[in-house]
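The working numbering numbers the first residue of the sequence shown as 148 and each following residue consecutively.
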Amino acid sequence: MSLKIIPFTAAFAFAASALAQDKPMHMNMQMNMSKPTGDQGPSSQAFAEANAKMHEDMAIEMTGDADADFVRSMIPHHQGAIDMAKIELQYGKDPNIRKLAKAVIKAQEAEIADMNAWLKAHAK
């Protein structure tokens, strides 16, 4: 089997299992992503939950307006970065990474505010 076909086959099998369970694919993905692989400690659990929530929230209904769909998808993506940075601040020890997490929070909050303002100004 070609190496190029293996990822396609895996994706197809996952999609088929989602359809067979009669649930939207993003719900199956969220359920699978909310449990970390590897370590099961508190920080790993928190990161997995934040990641699953971000992906669930990014599963928006597309409108065909690329600008609005981009912004509406990026808001939960940026919120996910904020949530993960807060987990770093809760559990992390490295001062440089903690500083980076604080910078991520500040930058992503500002960008979310800009995106929300754009959505409000361009609401349809």
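Just so you know, even glycine gets a beta-carbon here, dropped at the ideal spot from N, CA and C.
Expected contact under 8 Å - CB spacing of I244 and E235 to nearest Å: The residue you call residue 244 lines up with position 97 of the sequence shown. The residue you call residue 235 lines up with position 88 of the sequence shown. That belief holds up - the Cβ atoms of I244 and E235 are roughly 6 Å apart, short of 8 Å.
Between the region 209 to 221 and the region 184 to 195, can you find at least three pairs of beta-carbon atoms closer than 8 Å? no
Who are the near neighbours of P183 in its chain, counting only those whose CB is closer than 8 Å to its CB and skipping five residues on each side? As a position in the sequence shown, residue 183 is number 36, starting the count at 1. Here the set comprises S191, Q192, F194 and A195.
Selection from S220, N198, F217 and H225 that minimises the alpha carbon distance to K253: Here residue 253 corresponds to residue number 106 of the sequence shown, with the count starting at 1. Here the closest residue by C-alpha is H225.
Go to A131, then tell me how far its alpha helix (DSSP H) extends in each direction, as first and last residue. Any question about residue 131 goes unanswered here, given that the chain covers just 148 to 271.
Mark G188 as exposed unless 16 or more other C-beta atoms lie within 10 angstroms of its C-beta, in which case mark it buried. As a position in the sequence shown, residue 188 is number 41, starting the count at 1. Looking at its Cβ environment, which holds fewer than 16 other Cβ atoms inside 10 Å, G188 is exposed.
Excluding the 5 residues flanking G239 on each side, which residues of the same chain have their C-beta closer than 6 Å to its C-beta? Within the sequence shown, the letter at position 92 stands for residue 239. These residues qualify, in order along the chain: R245.
To the nearest angstrom, how far is it from the Cα of K233 to the Cα of A270? For the purposes of this step, residue 233 is taken as the residue at position 86 of the sequence shown. For the purposes of this step, residue 270 is taken as the residue at position 123 of the sequence shown. Rounded to the nearest angstrom, the two C-alpha atoms are 31 Å apart.
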